[in-house]
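Colleague: Residue numbers (UniProt numbering): 1 to 284.
Cβ atoms here follow ideal geometry from the backbone N, Cα and C, with glycine treated the same way.
Following this message is one structure expressed as structure tokens.
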Ligand SMILES: Nc1ncnc2c1ncn2[C@@H]1O[C@H](COP(=O)(O)OP(=O)(O)OP(=O)(O)O)[C@@H](O)[C@H]1O
Ligand SMILES: [Mg+2]
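This is the structure:
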């Protein structure tokens, strides 16, 4: 998907929410998008999914400018799935199974195929025990899981996830990472908007940094977060693991090696960081 000089201003607003935004989602499979509250992440997703139409600029999907007729939009939304920040906006069925089958019924798929896909989604998203449960009895975290399942059941090529880790407990966050890996392995490209810097640092192949509706910076997580001053000036800062790592190396906490070897980059989480510290500790 490509955004070229895209501008979008909400009705009754003077200031554009997205302003001359140009970016390409292409060759990698795990994209992160970060930026302060109100920088335009959710607006970008709504444009990518055809919910909003830009006043200026072009959005292309698979090389073709988006078309805004109903049929074209239905096709687009099957291929570009959007999981909302707030799951309450996504869920439509009375029960979990009904909710899962809703999009498939709209596609006019045969009943057997719908039943098969619903059962598979219940398994894939750890919802088997909740099939008959009314949607409004679910916890917020369970609703988030269901809203991801609702989108994935349509087998999109590009998955847009708005704040997927919000409201999840640590177990479900780890489970989400495994689920995302399974989704990616099947060939779906994933773009996640998040405030969780540790998560994107560990997970993404490529990051977009937005500020005031514009693309301020993009690159691998390593190159983006190596620009510490800029990231701080943007009000974002850098992931905690990287921050600690840099502090240790700057303070020559480990006497034998003052510099962090770039190949030893901490890729994730407390556990990997703990392992790194232990290895370094044992060397000294
Ligand atoms: N429905 C709306 N009507 C008017 N202005 C809106 C609307 N939704 C968002 N905005 C404005 O558009 C800008 C971008 O908002 P957006 O929701 O895209 O930001 P965001 O990066 O997703 O923020 P957050 O991190 O808080 O989710 C903000 O200035 C916001 O106030
Ligand atoms: Mg948002």
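(1) Buried or exposed for residue 189, going by 16 or more other Cβ atoms inside 10 Å?
(2) Helix, strand or coil for residue 19 per DSSP?
(3) Counting only the same chain and skipping the five closest in sequence on each side, list residues whose C-beta sits under 6 Å from that of residue 131.
(4) Examine ligand 3 and report whether any of its heavy atoms sits within less than 7 Å of the Cβ of residue 165.
(5) Put residue 163 into one of helix, strand or coil per three-state DSSP.
(6) Using a Cβ-Cβ cutoff of less than 6 Å, which residues in the same chain neighbour residue 161 once the five nearest sequence positions on both sides are dropped?
(7) Ignore the nearest five residues each way along the sequence and tell me which others in residue 15's own chain have a CB closer than 6 Å to its CB.
(8) Whole angstroms are fine: how far does the CA of residue 245 sit from the CA of residue 228?
(9) Can you say whether residue 11 is buried or exposed, counting buried as having 16 or more other CB atoms within 10 angstroms of its CB?
(10) Just the Cα atoms here: how many angstroms apart are residue 88 and residue 220?
(11) Buried or exposed: which applies to residue 263, given that a residue is buried once 16 or more other Cβ atoms fall within 10 Å of its Cβ?
(12) Starting from residue 28, trace the beta strand (DSSP E) in both directions and tell me its first and last residue.
(13) List the whole-angstrom C-beta distance separating residue 158 from residue 78, where the pair is believed to meet the contact cut-off of C-beta under 8 Å.
(14) Ignoring anything shorter than 4 residues, give me the alpha helix (DSSP H) runs that lie fully in the segment 139–206, in order along the chain.
(15) Indicate whether residue 235 and residue 36 have their beta-carbon atoms separated by less than 8 Å.
Modeller: The relevant details are as follows:
(1) Your numbering for residue 189 matches position 189 in the chain shown. The residue in question, residue 189, is buried, as its Cβ has 16 or more Cβ neighbours within 10 Å.
(2) On the chain shown, residue 19 is found 19 positions in, with the first residue counted as 1. Residue 19: strand per DSSP, three-state reduction.
(3) Position 131 of the chain shown, counted from the start, is the residue given in the question as residue 131. By the criterion of a C-beta distance shorter than 6 Å, residue 131 is surrounded in its chain by 96, 97, 122, once the five residues flanking it on both sides are discounted.
(4) Ligand 3 is not part of the structure shown, which contains ligand 1 and ligand 2 as its ligands.
(5) In the chain shown, the residue the question calls residue 163 occupies position 163. In the three-state reduction of the DSSP assignment, residue 163 falls in the coil class, being assigned neither a helical nor a strand state.
(6) Taking the chain shown and counting its residues from 1, the one referred to as residue 161 is at position 161. Once the five neighbours on either side are set aside, the close Cβ partners of residue 161 are 83, 192.
(7) Here residue 15 corresponds to residue number 15 of the chain shown, with the count starting at 1. Taken in chain order, the list of residues that qualify is empty.
(8) As a first step, residue 228 is located in the chain shown; it is residue number 228 there, counting from the start. As a first step, residue 245 is located in the chain shown; it is residue number 245 there, counting from the start. So the alpha carbons of these two residues sit roughly 13 Å apart.
(9) Here residue 11 is taken as the residue at index 11 of the chain shown, counted from 1. So residue 11 counts as exposed.
(10) As a first step, residue 88 must be located in the chain shown, where it is residue number 88. As a first step, residue 220 must be located in the chain shown, where it is residue number 220. When rounded, the distance between both Cα atoms is 33 Å.
(11) For this step, residue 263 is matched to residue 263 along the chain shown. Unreliable positioning characterises residue 263 in this predicted model, as indicated by a pLDDT of 48, which lies under 50. The coordinate reading is nonetheless provided below. Answer is exposed; the Cβ neighbour count stays below 16.
(12) As a first step, residue 28 must be located in the chain shown, where it is residue number 28. Taken as a continuous stretch (DSSP letters only), residue 28 belongs to no beta strand (DSSP E), as it is neither H nor E.
(13) Walking along the chain shown from the start, residue 158 turns up at place 158. Walking along the chain shown from the start, residue 78 turns up at place 78. Taking C-beta atoms under 8 Å as the contact rule, residue 158 and residue 78 fail to qualify, at a distance of about 11 Å.
(14) Secondary structure remark: continuous alpha helix (DSSP H) runs of at least 4 residues inside the segment 139–206, in chain order: 140–152, 170–185, 197–203.
(15) On the chain shown, position 235 is the one that residue 235 refers to. On the chain shown, position 36 is the one that residue 36 refers to. For the pair residue 235 and residue 36, the CB atoms are nearer than the 8 Å cut-off.
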